[in-house]
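Engineer:
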Amino acid sequence: MTDPSDEAKNIEKLYEFGERLNESKDKSQNVADYQGIIDAAKTSIKAKQLAAQLIPRFFKFFPDLSESAIYTHIDLIEEEELGVRVQAIRGLPLFCKDTPEQIAKIVDILVQLLAAEEFVERDAVHKALMSLLRQDVKVSLTALFKHIGSVDEPSTDEFIREKVLTFIREKVFSIKSELLKPQEEMERHITDLIKKSLEDVTGAEFRMFMDFLKSLSIFGEKAPPERMKELIGIIEGQADLDAQFNVSDADHIDRLISCLFMALPFVVRGASSSKFLNYLNKHILPVSDKLPDERRLDLLKALAEVSPYTTPQDSRQILPSVVQLLKKNMPRRKTGEEFNFTYVECLLYTFHHLSHKVPNATNSLCGYKIVTGQPSDRLGEDFSEQYKEFTERLSYVEELTRATMKKLTQGMAEKNKAMAAAKSDEAKDSIKTEKQNTTTGLRTCNNILAMTKTLHSKTPSFIGDKSINLSWKEVTKPVVPSNTPATGTKRPANPANGPGNMTSKKGRGGGGLQNQLVNRAFEGLSHGGRSGGGGRSRGRGWGGRGRGRGYR
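Counting from 1, one number per residue, gives the positions in the sequence shown under full-length UniProt numbering.
1) Answer yes if the stretch 226–241 comes into contact with the stretch 265–281, meaning at least three C-beta pairs across the two stretches below 8 Å, and no otherwise.
2) Could you tell me the distance, in whole angstroms, from the CA atom of residue 13 to the CA atom of residue 30?
3) I believe residue 59 touches residue 66 by the beta-carbon criterion, under 8 Å. Please report the beta-carbon distance rounded to the nearest angstrom.
4) Have a look at 455, 433, 462 and 469 and flag the residue whose alpha-carbon is nearest the alpha-carbon of residue 445.
5) Output the distance between the C-alpha atoms of residue 311 and residue 425, rounded to the nearest integer angstrom.
6) Output yes or no for whether 8 Å exceeds the beta carbon distance between residue 348 and residue 300.
7) Using only the alpha-carbon positions, how far apart do residue 162 and residue 332 sit?
8) Given that a residue counts as buried once 16 or more other Cβ atoms are within 10 Å of its Cβ, and exposed if not, what is residue 595?
9) Taking the Cβ atom as the reference point for each residue, do residue 308 and residue 353 lie within a distance shorter than 8 Å?
10) Quick one: is residue 491 buried, meaning 16 or more other Cβ sit within 10 Å of its Cβ, or exposed?
11) If you follow the alpha helix (DSSP H) that residue 432 is part of, which residue opens it and which one closes it?
12) Would you list the one or two residues that DSSP bridges to residue 80?
13) Pick from 90, 294, 71 and 443: whose alpha carbon is nearest that of residue 473?
14) For residue 416, count neighbouring C-beta atoms within 10 Å of its own C-beta (all shown protein chains included) and say buried if the count is 16 or more, exposed if not.
15) Thinking C-beta only, is residue 326 closer than 8 Å to residue 398?
16) Following the continuous alpha helix (DSSP H) through residue 226, name the residue where it begins and the one where it ends.
17) Assuming contact is defined by CB atoms lying nearer than 8 Å, are residue 191 and residue 216 in contact in what I supplied?
18) For residue 203, report the span of its alpha helix (DSSP H) as first-last.
19) Could you give the uninterrupted runs of the alpha helix (DSSP H) lying entirely in the stretch 65–116, keeping only those of 4 residues or more?
20) Three-state secondary structure (DSSP) at residue 121?
21) Just curious, the alpha helix (DSSP H) that residue 192 is in, first and last residue?
22) Around the Cβ of residue 456, are there at least 16 other Cβ atoms within 10 angstroms (buried) or fewer (exposed)?
23) Any idea what DSSP makes of residue 153, helix, strand or coil?
24) With a CB to CB cut of under 6 Å and the five nearest residues on each side skipped, what residues in its chain are close to residue 61?
25) Near residue 219, which residues of its chain fall below 7 Å by C-beta distance, leaving aside the five closest residues on each side in sequence?
26) Could you spell out the range, first to last residue, of the alpha helix (DSSP H) harbouring residue 401?
27) Are there three or more Cβ pairs, one per stretch, closer than 8 Å when the stretch 116–128 is compared with the stretch 153–162?
28) Taking only the alpha-carbon atoms, compute the straight-line gap between residue 314 and residue 395 and give it to the nearest angstrom.
29) As a quick exercise: from 52, 100, 97 and 69, pick the residue whose alpha carbon is nearest that of residue 79.
30) Specify the secondary structure class of residue 474 as computed by DSSP and reduced to three states.
31) Rounded to whole angstroms, what's the CA-CA distance from residue 287 to residue 247? Just pull it up for me.
32) Taking DSSP as the reference, what is the three-state secondary structure of residue 469?
33) Taking the alpha helix (DSSP H) that residue 172 belongs to, which residues open and close that run?
34) Since residue 42 is in the alpha helix (DSSP H), which residue starts that stretch and which ends it?
35) Using three-state DSSP, classify residue 271 as helix, strand or coil.
36) Measuring straight from C-alpha to C-alpha, what distance separates residue 108 and residue 244?
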């Protein structure tokens, strides 16, 4: 234990060293005073606290003592006494005030302290890092992102990596407009840092980074097409579209479907979805019936949402697979085949939008007689059997759908009576939710009937506008009478979220109780055996890191 008289002498000496340094016109000549401060940092608690202020204050004047000064300061950071540690942490940014070459080194030190258990200590670390970010955002960000790692330079400490990710998400991303200046240069710099880090991330981390990139002005509404292409390229890389597809690889399937949904906003803004569609058409659609039910539903929903924005070339290429899936999911008659209302809604919507772009492609696929004057019309060939089969399937789907609507409408009347008799708020809320989901079921059925109606003609008209609002999408204010399908769409923040699958069994995934109620509304109404799964399950992210995708 330090003698009180010795402690007083140490404190007095420190004040003397500090006063002489303050008064000196050429501080570099006061080497003994600065060395005295460094030495005093190894004495009493109060002396250490004072030294923690003085060492960084005069650091720039003594380059020959820089290594000794920094290591002594680090020792103070590791002191048992909390007050000493906090004071030493607060002093770290001062090392860089006039010696910016120290920023990366000091950021590295602070990063290790993000794991501090005491709140006041963590708060000091956060403020110190923010101070350095404001001094030189480029160097500081570069130093921070090194701790997130990449395939070439993996992070060596997973715990610290998580702390850095949390700090960047909560402290940096939230004030990007203040930190990223000059704006375009710094937005580009952080984009490049993120792209390198995306080589080795989890699903949740990828979504976090993509949400941030979308918020940058360089990728804003006025961004040129090449910027949208850049973002699509990042998503395609994460989806592993060059990888060999294995239908049993649940991780890869989750990546593909998640990434396709993430790509939708950029496809809507004009970016090409060709690479995604080609991969889906070649590898996934032919084996989609082997996917888990909830993944199959996610895939079909994503395909439906992207279909209005496909090119004619892509539409012609993928249409045969869509027609094949329609036939698999629309029974020709009562044969015991499985029937899932939401699958059919998705596929009919996709079929209409693809066919609208290349109508004569349906001649050979469905037996239609659409004339465009092109050799691809194939009018001299006999496809009457295809037409007969396709329209028989349509007719039976319409029969099943009308029967389902009748039962749902009857169920709605019963729910209205139950609502009138309900006593508790809990019971009323439960019935209200069931009514909402029954309404969604009716929307699915209405959509199916609206889309099959025109397909019985030899020269059908295909829907290529927004007159059909998919049942899982948010409804905009109606512009037509309420007894007809709503017009227009309003894209929710996460297109993956929705009321679930219109099937007869249990709901699964992100919708929870709501999905179960949707499915309950259809219980016993679906034709055939087991049903598909429920809504989306995005929160958990896909499997672990380490797939090694690069974007350089």
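Positions of the beta carbon are idealized from the N, C-alpha and C atoms, including for glycine. All of these numbers come straight from a predicted model, not from anything done at the bench.
Structural biologist: The answer reads as follows:
1) yes
2) As a position in the sequence shown, residue 13 is number 13, starting the count at 1. As a position in the sequence shown, residue 30 is number 30, starting the count at 1. One C-alpha to the other measures close to 14 Å.
3) Here residue 59 refers to the residue found at position 59 of the sequence shown. Here residue 66 refers to the residue found at position 66 of the sequence shown. At roughly 7 Å, the Cβ-Cβ gap stays under 8 Å, so residue 59 and residue 66 are in contact.
4) Position 445 of the sequence shown, counted from the first residue, corresponds to residue 445. Nearest C-alpha to residue 445: 469.
5) Numbered from 1 along the sequence shown, position 311 holds the residue referred to as residue 311. Numbered from 1 along the sequence shown, position 425 holds the residue referred to as residue 425. Distance between the alpha carbons of residue 311 and residue 425: 51 Å.
6) By 1-based counting over the sequence shown, the position of residue 348 is 348. By 1-based counting over the sequence shown, the position of residue 300 is 300. Against a cut-off of 8 Å, the Cβ pair of residue 300 and residue 348 comes out as no contact.
7) The count along the sequence shown starts at 1 and reaches residue 162 at position 162. The count along the sequence shown starts at 1 and reaches residue 332 at position 332. When rounded, the distance between both Cα atoms is 54 Å.
8) Not covered by the structure: residue 595. The range shown for the chain is 1 to 552.
9) Here residue 308 is taken as the residue at index 308 of the sequence shown, counted from 1. Here residue 353 is taken as the residue at index 353 of the sequence shown, counted from 1. Cβ atoms of residue 308 and residue 353: closer than 8 Å.
10) Along the sequence shown, read from residue 1 onward, the residue named residue 491 stands at position 491. Caution applies to residue 491, whose pLDDT of 31 falls short of 50 and renders its modelled position unreliable; the value that the coordinates give is listed next. Burial call: exposed.
11) As a first step, residue 432 is located in the sequence shown; it is residue number 432 there, counting from the start. 425–452 is the extent of the alpha helix (DSSP H) around residue 432.
12) Sequence index remark: in the sequence shown, residue 80 carries index 80 (1-based). In DSSP, residue 80 forms no bridge with anything.
13) Here residue 473 refers to the residue found at position 473 when the sequence shown is read from its first residue. The option with the nearest alpha carbon to residue 473 is 443.
14) Looking up residue 416 in the sequence shown gives position 416. Counting Cβ neighbours within 10 Å, residue 416 comes out exposed, since fewer than 16 surround it.
15) Position 398 of the sequence shown, counted from the start, is the residue given in the question as residue 398. Position 326 of the sequence shown, counted from the start, is the residue given in the question as residue 326. Their beta carbons are not under 8 Å apart, which means residue 398 does not touch residue 326 by this criterion.
16) On the sequence shown, residue 226 is found 226 positions in, with the first residue counted as 1. Residues 225–238.
17) Counted from its first residue, the sequence shown places residue 191 at position 191. Counted from its first residue, the sequence shown places residue 216 at position 216. Against a cut-off of 8 Å, the Cβ pair of residue 216 and residue 191 comes out as a contact.
18) In the sequence shown, the residue the question calls residue 203 occupies position 203. Residues 203–215.
19) 66–77, 82–91 and 103–112
20) As a working mapping, residue 121 is identified with position 121 in the sequence shown. Residue 121 falls in the helix class under three-state DSSP.
21) Position 192 of the sequence shown, counted from the start, is the residue given in the question as residue 192. Residue 192 -> alpha helix (DSSP H) spans 183–197.
22) Counted from its first residue, the sequence shown places residue 456 at position 456. Burial call: exposed.
23) To locate residue 153, count along the sequence shown from 1; it is residue 153. Reduced to three states, the DSSP call for residue 153 is coil.
24) Here residue 61 refers to the residue found at position 61 when the sequence shown is read from its first residue. If we look at residue 61 and ignore the five residues flanking it on each side, its Cβ neighbours are 27 and 28.
25) As a first step, residue 219 is located in the sequence shown; it is residue number 219 there, counting from the start. If we look at residue 219 and ignore the five residues flanking it on each side, its Cβ neighbours are 213, 227 and 231.
26) For the purposes of this step, residue 401 is taken as residue 401 along the sequence shown, with counting starting at 1. Taken as a continuous stretch (DSSP letters only), the alpha helix (DSSP H) holding residue 401 covers 384–421.
27) no
28) What you label residue 314 is simply residue 314 of the sequence shown in a count that begins at 1. What you label residue 395 is simply residue 395 of the sequence shown in a count that begins at 1. Residue 314 and residue 395: Cα-Cα distance of roughly 29 Å.
29) Reading the sequence shown from its first residue, position 79 is the one you call residue 79. Per the Cα distances, 52.
30) Numbered from its first residue, the sequence shown carries residue 474 at position 474. DSSP places residue 474 in strand when its eight states are reduced to three.
31) The residue given as residue 287 occupies position 287 in the sequence shown. The residue given as residue 247 occupies position 247 in the sequence shown. Using only the alpha carbons, I get a separation of about 7 Å.
32) On the sequence shown, position 469 is the one that residue 469 refers to. Correct three-state label for residue 469: coil.
33) By 1-based counting over the sequence shown, the position of residue 172 is 172. Premise fails: residue 172 is in no alpha helix (DSSP H) and is neither H nor E.
34) Taking the first residue of the sequence shown as 1, we reach residue 42 at position 42. No alpha helix (DSSP H) holds residue 42; DSSP gives it neither H nor E.
35) Position 271 of the sequence shown, counting from 1, holds the residue named residue 271. Correct three-state label for residue 271: coil.
36) Reading the sequence shown from its first residue, position 108 is the one you call residue 108. Reading the sequence shown from its first residue, position 244 is the one you call residue 244. Their Cα atoms are separated by approximately 39 Å.
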